[in-house]
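Student: Structure provided below as structure tokens; questions to follow.
Number of protein chains: 2
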Amino acid sequence: MPYTPLPSPRILLGPGPSCVTPRVLEALGREPIGYLDPELFTLLGELRSGLRKLFGTSNDFTLPLTGTGMAGMESCLVNLIEPGDSVVIGVAGFFGTRMVEISRRLGAEVTVIEGEWGRILEPEQFEKALKNLSKVKLVGCVHAETSTGIKQPLKAIGKLAHDHGALFLVDAVTSLGGLPVNLDDAGADAAYSATQKCVGAPPGLAPISVSDRAWKAVDARKGAVPNWYYDWKLLRAYFDDAHLYHHTVPVNLYYALNQALAETMEEGMENRFSRHEQVSKLLTDGLNEIGIYPFAQEGYRLPTLNAVIIPADVQDEMAVRKRLLFEYGLEIGGGLGHLKGKIWRIGTMGASATPRNVLLLLAALKSILHN
Amino acid sequence: MPYTPLPSPRILLGPGPSCVTPRVLEALGREPIGYLDPELFTLLGELRSGLRKLFGTSNDFTLPLTGTGMAGMESCLVNLIEPGDSVVIGVAGFFGTRMVEISRRLGAEVTVIEGEWGRILEPEQFEKALKNLSKVKLVGCVHAETSTGIKQPLKAIGKLAHDHGALFLVDAVTSLGGLPVNLDDAGADAAYSATQKCVGAPPGLAPISVSDRAWKAVDARKGAVPNWYYDWKLLRAYFDDAHLYHHTVPVNLYYALNQALAETMEEGMENRFSRHEQVSKLLTDGLNEIGIYPFAQEGYRLPTLNAVIIPADVQDEMAVRKRLLFEYGLEIGGGLGHLKGKIWRIGTMGASATPRNVLLLLAALKSILHN
Numbered sequence: 124m125p126y127t128p129l130p131s132p133r134i135l136l137g138p139g140p141s142c143v144t145p146r147v148l149e150a151l152g153r154e155p156i157g158y159l160d161p162e163l164f165t166l167l168g169e170l171r172s173g174l175r176k177l178f179g180t181s182n183d184f185t186l187p188l189t190g191t192g193m194a195g196m197e198s199c200l201v202n203l204i205e206p207g208d209s210v211v212i213g214v215a216g217f218f219g220t221r222m223v224e225i226s227r228r229l230g231a232e233v234t235v236i237e238g239e240w241g242r243i244l245e246p247e248q249f250e251k252a253l254k255n256l257s258k259v260k261l262v263g264c265v266h267a268e269t270s271t272g273i274k275q276p277l278k279a280i281g282k283l284a285h286d287h288g289a290l291f292l293v294d295a296v297t298s299l300g301g302l303p304v305n306l307d308d309a310g311a312d313a314a315y316s317a318t319q320k321c322v323g324a325p326p327g328l329a330p331i332s333v334s335d336r337a338w339k340a341v342d343a344r345k346g347a348v349p350n351w352y353y354d355w356k357l358l359r360a361y362f363d364d365a366h367l368y369h370h371t372v373p374v375n376l377y378y379a380l381n382q383a384l385a386e387t388m389e390e391g392m393e394n395r396f397s398r399h400e401q402v403s404k405l406l407t408d409g410l411n412e413i414g415i416y417p418f419a420q421e422g423y424r425l426p427t428l429n430a431v432i433i434p435a436d437v438q439d440e441m442a443v444r445k446r447l448l449f450e451y452g453l454e455i456g457g458g459l460g461h462l463k464g465k466i467w468r469i470g471t472m473g474a475s476a477t478p479r480n481v482l483l484l485l486a487a488l489k490s491i492l493h494n
Numbered sequence: 124m125p126y127t128p129l130p131s132p133r134i135l136l137g138p139g140p141s142c143v144t145p146r147v148l149e150a151l152g153r154e155p156i157g158y159l160d161p162e163l164f165t166l167l168g169e170l171r172s173g174l175r176k177l178f179g180t181s182n183d184f185t186l187p188l189t190g191t192g193m194a195g196m197e198s199c200l201v202n203l204i205e206p207g208d209s210v211v212i213g214v215a216g217f218f219g220t221r222m223v224e225i226s227r228r229l230g231a232e233v234t235v236i237e238g239e240w241g242r243i244l245e246p247e248q249f250e251k252a253l254k255n256l257s258k259v260k261l262v263g264c265v266h267a268e269t270s271t272g273i274k275q276p277l278k279a280i281g282k283l284a285h286d287h288g289a290l291f292l293v294d295a296v297t298s299l300g301g302l303p304v305n306l307d308d309a310g311a312d313a314a315y316s317a318t319q320k321c322v323g324a325p326p327g328l329a330p331i332s333v334s335d336r337a338w339k340a341v342d343a344r345k346g347a348v349p350n351w352y353y354d355w356k357l358l359r360a361y362f363d364d365a366h367l368y369h370h371t372v373p374v375n376l377y378y379a380l381n382q383a384l385a386e387t388m389e390e391g392m393e394n395r396f397s398r399h400e401q402v403s404k405l406l407t408d409g410l411n412e413i414g415i416y417p418f419a420q421e422g423y424r425l426p427t428l429n430a431v432i433i434p435a436d437v438q439d440e441m442a443v444r445k446r447l448l449f450e451y452g453l454e455i456g457g458g459l460g461h462l463k464g465k466i467w468r469i470g471t472m473g474a475s476a477t478p479r480n481v482l483l484l485l486a487a488l489k490s491i492l493h494n
């Protein structure tokens, strides 16, 4: 039986995971401690406080869920939705469709606010739908659509949700740590993210944050949450004072996340957001020069995930990505859904967002495309 | 904002996580690669092959689920059970009760085969129940009850399940890697485990294995699996040839698990099982000498999790465990459920299972109890 040797050194400029610094990797490889060790709860306290800052929230129930971003999405929907609930979901990309799919599996009546992939959704679309519906339980939308590179303004939608008595759920997977999320300001009642994109840690944890308003809905549920592993009440009994055993938490991922948060606070959140902006601009300016143009609507482009149109003269886009990977160790992403073959998704996130990485990618792309 | 310093060095002799070797920790801290990187699928191929050997199965769908052992349990139940299904669950400990709770949340009609905590369940109990029920979908039982230290014989129960047309589900959380599991021989159709106990890796992954017979039941489902994240059909589309994106898998945990499997194969599975037996015997003999006796039924004691009765003259068992932790860096576990305060659970699992650790624990316990 052979055992995989060291992984090849990759520069991760895809939709995540992103590169991780040596400090975070060193922390990851520390010896585990038990799930009831007092040191674990000290660590968790710091983690939770750091995540609150990144999320821009005072929500007490802010913590790293065991699982990746999609587990975060499912945990929010399964705790907040009951069969028959009316929910309104904004869909202008792949991850919006996933919110819809999971909500439907949970028996919700889903009203889809449909938008063109690559453009934002307008608050008026939500308003129109909300006016025609009675008793909407939840309005969901994606802050940073990883599939299209769009940054969706949240505040107006959050206000509409609240005006109609609904909870507001936000997908912050590709924004947390890379741009301001400001949950409380946006009126978000629940949000989820992932650690392997802009936060600077490896994949495996889904930071989530839940408001008191959302908790009231959870407490008022008629039936039990059909998902035991992600049942917030059970998780609260472990993460909060009672520390009742629920599952054996992945402590090594906590070590890494805490160091990633430390790096973020030391860099300064504003500086970190600026770095993402600057590196994204360096990339998109450089791509522009070699005839590769943005896909996403101007004025609403993410600094973390740069969706670009594959030039018409590229016959085999997969071959380009393979050459980037095998010749230069550079990973970029392809399109999802109907955008497959039409766009590339270039991440400039977390420790991957450096001028060095971007210059190399530009040079490599130029060399591959123009030879 | 302070950041937790290095964790104190712990010798983990609780119910898991167990200690992890430097080789496994080094692998954990390698740089991540993308979830579609060809190197990732090479790694996964090795992982899956190694897990098949540990599980004693030829099941193709054997893989590390993102999540811990409890996620493994839920994934098996949520894929195999539909509302209204009749299931039979053996309960002689805390983890049996969890199988029941999750099954009920999924709308199953659960028949509980109740046994005394600390003793095995007898096949006759299952036979009696199965005779009185029509169309049982699934029979579930725990191979290694982490809460009682009992090793439950499986084969007769597996045969009864099949004779009555039911699937057989096995919890192998505290057995995989520490004693033979032999899924195929036991007639198990689905099983789940965890990496942080006897397998030698950190917490965060749940190895699962699913037979073709169980897949037929999945394919024959009337409704969609209500859990998107752990839907086996979606997972199969990613893990198998199509490699369709499902979620960003925790690649660092894969690195670590693969090295843990490598160590296991290099040690030899039989040698590893013998080591667990020998170290457990060293512990229980030593405990015997200081008046601490086994809790679990003779002849069915796990070599991986040693449940012992707290001596009557111990006034404050928690204080003993705290002294072990703070003075010697030794973690042992307390009792779960109604066994809290009555038993200690001492794990001798994976890299924790060494004579050195056991001699230290015995000496420390002696010093604390007899002073």
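The listed protein sequences correspond, in order, to chains U and Y.
Count along the first sequence from 1, then add 123; that gives the number in our numbering.
Count along the second sequence from 1, then add 123; that gives the number in our numbering.
A virtual CB, placed ideally from N, CA and C, is assigned to each residue, including glycine.
1) Can you tell me which residues form a DSSP beta bridge with W467 of chain U?
2) What is the DSSP secondary structure of Y353 of chain U, counted as helix, strand or coil?
3) Between L136 of chain Y and I466 of chain Y, is the Cβ-Cβ spacing less than 8 Å?
4) Assuming L299 of chain Y and P330 of chain Y make a contact with CB atoms under 8 Å, what is their CB distance in whole Å?
5) Could you give the DSSP three-state label for F522 of chain Y: helix, strand or coil?
6) Can you tell me which of Y:R359, Y:G323, Y:W351 puts its alpha carbon nearest to the alpha carbon of W338 of chain Y?
7) Below 8 Å on the Cβ atoms is my contact criterion, and I expect V402 of chain U with V481 of chain U to pass it. Report the Cβ-Cβ distance as a whole number of Å.
8) Just curious, the alpha helix (DSSP H) that L488 of chain Y is in, first and last residue?
9) State the Cα-Cα distance for the pair E250 of chain Y and A215 of chain Y, rounded to the nearest angstrom.
10) Can you name the residues of chain U whose CB is closer than 8 Å to the CB of S131 of chain Y?
11) Please go through the region 147 to 227 of chain Y and give each complete alpha helix (DSSP H) segment of 4 or more residues, from N-terminal end onward.
12) At the level of alpha carbons, what is the spacing between M388 of chain U and S334 of chain U?
13) In chain U, which residues lie less than 8 Å from R153 of chain Y when you measure between Cβ atoms?
14) Looking at the C-beta of T477 of chain U, does it have a partner C-beta in chain Y at a distance below 8 Å?
15) For V437 of chain Y, I'd like the list of residues in its chain whose CB is within less than 8 Å of its CB, leaving aside the five on either flank, ordered along the chain.
16) What residues from chain Y crowd round E197 of chain U, counting only those whose CB sits closer than 8 Å?
17) Taking 8 Å as the cut-off, decide whether the C-beta atoms of D312 of chain U and L290 of chain U are in contact.
18) Cα separation between A309 of chain U and H266 of chain U?
19) Is it the case that the region 178 to 198 of chain Y contacts the region 402 to 416 of chain U, given that we only count it when at least three CB pairs across the two stretches are under 8 Å?
20) For G263 of chain Y, does the three-state DSSP call read helix, strand or coil?
21) Between the alpha carbons of T73 of chain U and S226 of chain Y, how many angstroms are there, rounded?
22) CB G195 of chain U to CB L186 of chain U, shorter than 8 Å?
23) For A487 of chain Y, count the other beta carbons within 10 Å of its own beta carbon; 16 or more makes it buried, fewer makes it exposed. Which is it?
24) Round the Cβ separation of I243 of chain Y and I204 of chain Y to the nearest angstrom and send it over; I've been treating them as touching at under 8 Å.
25) Taking its Cβ as the centre, do 16 or more other Cβ atoms sit within 10 Å of D363 of chain U, making it buried, or is it exposed?
26) Taking 7 Å as the cut-off, is the C-beta of S490 of chain Y nearer than that to any heavy atom in the ligand GDP?
27) Just to make sure I have the definition right: I need the residues of chain Y whose C-beta is within less than 7 Å of the C-beta of I225 of chain U. Which are they?
28) A419 of chain U by DSSP, collapsed to three states: which one?
29) When you compare the CB of C321 of chain U with every CB in chain Y, is at least one pair closer than 8 Å?
30) Is any beta-carbon of chain U found at less than 8 Å from that of A289 of chain Y?
31) Taking the Cβ atom as the reference point for each residue, do N202 of chain Y and N350 of chain U lie within a distance shorter than 8 Å?
32) Which residue's Cα is closest to the Cα of L453 of chain U: U:S475, U:G460, U:L459?
33) Under the rule that 16 or more other beta-carbon atoms within 10 Å means buried, what is S397 of chain U, buried or exposed?
34) Could you give the DSSP three-state label for A309 of chain Y: helix, strand or coil?
Tutor: Reading from the atomic positions:
1) U:V431, U:G457
2) coil
3) no
4) 6 Å
5) Coverage of chain Y is limited to positions 124 through 494, which leaves residue 522 of chain Y absent and any answer about it impossible.
6) Y:R359
7) 6 Å
8) 478 to 492
9) 16 Å
10) I156, E162
11) 161 to 178, 192 to 203
12) 23 Å
13) L129, P130, L148
14) no
15) V443, L492
16) N350, W351, Y352
17) yes
18) 10 Å
19) no
20) strand
21) Residue coverage of chain U in this structure runs from 124 to 494, which leaves residue 73 of chain U outside it and unanswerable.
22) no
23) buried
24) About 25 Å; that fails the 8 Å criterion.
25) exposed
26) What this structure holds is no ligand at all, so the ligand GDP is not there to describe.
27) W351
28) coil
29) no
30) no
31) no
32) U:S475
33) exposed
34) helix
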